[in-house]
Amino acid sequence: MTEVLILGAGPAGLMAADVLAQAGVGITVIDKMPSAGRRLLMAGRGGLNLTHSEPLPQFLSRYDAQPKALTQAIAAFAPSNLQAFAADLGEPCFTGPSGRVFPKSMKASPLLRAWLRRLGGLGVVLRLGCRFEGWTDKGAVRLVGGEGGLQEPRAIILALGGASWPRLGADGQALEHLRAAGVPVQPFTASNCGVNLDWSLGFRTRFAGAPLKAIQVSCAGATSRGEAVVTPYGLEGGAIYALSRQIRDAVTETGAATLWLDLKPDLSESEIRQRLARQKPGQSRANRLRKACGLAPVLINLIGEAGPHGLDEAGLIKALPLHVCGLQSLDRAISSAGGVRFDALDASLMLVNKPGVFVAGEMLDFDAPTGGYLLQAAFSTGAWAAKGTLAYLQTAPPPLALYHTGQIPRSAV
Ligand SMILES: Cc1cc2nc3c(=O)[nH]c(=O)nc-3n(C[C@H](O)[C@H](O)[C@H](O)COP(=O)(O)OP(=O)(O)OC[C@H]3O[C@@H](n4cnc5c(N)ncnc54)[C@H](O)[C@@H]3O)c2cc1C
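The sequence shown finishes on residue 414 if you use this note's numbering, and the numbering steps up by one all the way, no holes.
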């Protein structure tokens, strides 16, 4: 018997299903795609950075504005709980040199397979090819496709993801249905995405794919350290993603942003100046920079792309200005910012204007960098929404109406 219907079979929805099914609640999970967890599998291609090992206060500070319900959810199902959860599914984790946590297999598929097996054993029913399309005029939840005959549940958890990489399932349409139903939402925008730079064609062609290692990047007063990689349009990588909000805000306001690259963050400007002064005269510029500071060819050539600046070489090495003329689109972003606003929800993640309907995962309005913070938030809010749902079920609520058409209407195909 379906007591709770979960919409979305990503990490947030499956975690909610796990917590509720372990508590003996009858669960059906639906998803519009032909298989579950497609984005999780895609994250597995990069080694599946599940979470991060830094202390919890520091961990929580990575989330913009730190919404209270989100931080409560993460404190309740913390990075250590996520590691124990993965180990329980046969996927023990390790911590990399940067503090990021990965399963030892560096893959998502064994974890997802074991998880779906466990959920099946707990009686969770998975219905694929079935799409959530908002609410009918009479207030029934509208589902299209898949087999018909779904029972009316006592509660619903929406875990329909964000809007990046839409071909993996979550395409932002669900948020439009919520907006149409009067739920306060923040439009999705690209986060953790590449930046477009006005570099010469020669530089981009020659260095596309080259890594910029151990750099420091600053934008609008925020700073990040790490790596980036040159692409045919500009830069991608963790050091850039960490400044997503600052870059996005500047580009939205003025159409452009300036990034300041420190190519040698562990050397002071005066030390660099002294090293350059010690070089023998008559050498090429590339040789001087390489010998004095150990700069890779890509960094040496990058200095030549800086445009007018009025700085000497040492000044440029410490603060190389890059002019961002745009961001890569949602289609190419790792995640999306925006979603269901926290003021639309109570502390248990239930929609204030729709009793019995909870929200979890990336469809919540939060933003965080890569580093394991995105998946941790999806798992934690899934578990938190499930706990809220359990408490709600104790109040013996009435069933929620469903309007389920088994066939996808021609107009919607
Ligand atoms: C390339 C890539 C790499 C990533 N790597 C990492 C990483 O290493 N570490 C990290 O922390 N994060 C990573 N992420 C982000 C992470 O995968 C997401 O934050 C996470 O999957 C969000 O989980 P979710 O359950 O909220 O949403 P999703 O995983 O998107 O799941 C939502 C589900 O809802 C379904 N759905 C959507 N709309 C409907 C509808 N109308 N009806 C029915 N079903 C619907 C979708 O088909 C989907 O299965 C990566 C993302 C990408 C794209």
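Heads up, the beta-carbon is just placed ideally off N, CA and C, and yes, glycines get one too.
Take the alpha-carbon of residue 242 and the one of residue 227: they are about 10 Å apart. Per the Cβ contact rule, the segment 17 to 36 is in contact with the segment 158 to 170 (3 or more Cβ pairs under 8 Å). For secondary structure counted as the beta strand (DSSP E) over 3 or more consecutive residues, the segment 343 to 381 holds these complete runs in sequence order: 358 to 360. Contact between residue 367 and residue 83 does not hold, since their C-beta atoms are separated by about 17 Å, which reaches or exceeds 8 Å.
For residue 78, there is no enclosing beta strand (DSSP E), as DSSP gives it neither H nor E. Taking the C-beta atoms as reference points, residue 191 is found nearer than 8 Å to residue 330. Excluding the 5 residues flanking it on each side, residue 290 has same chain C-beta neighbours closer than 6 Å at 296, 301, in chain order. Per DSSP, the unbroken alpha helix (DSSP H) holding residue 116 starts and ends at 110 to 122. Contact check for residue 147 against residue 128 passes: the beta carbons are separated by less than 8 Å.
Under the rule that a run must span 3 or more residues, the beta strand (DSSP E) segments found entirely inside the segment 139 to 191 read 142 to 145, 156 to 159. When only Cα atoms are considered, residue 25 and residue 193 end up about 38 Å apart. In this structure, the CA atom of residue 108 is about 44 Å from the CA atom of residue 138. Taking a contact to require three or more Cβ pairs closer than 8 Å, the segment 220 to 235 and the segment 349 to 367 do not qualify as touching. Counting the other Cβ atoms within 10 Å of the Cβ of residue 254 gives fewer than 16, which makes it exposed. For residue 212, DSSP records a beta bridge to 230.
Contact check for residue 371 against residue 74 fails: the beta carbons are separated by 8 Å or more.
Annotation: residue 299 is outside any beta strand (DSSP E); the continuous alpha helix (DSSP H) that includes it extends over 298 to 304. The C-alpha of residue 294 is placed about 11 Å away from the C-alpha of residue 270.
The residue from 399, 224, 325 with its alpha-carbon nearest to that of residue 63 is 224. Nearest to residue 72 by C-alpha distance, out of 333, 348, 358, is 348.
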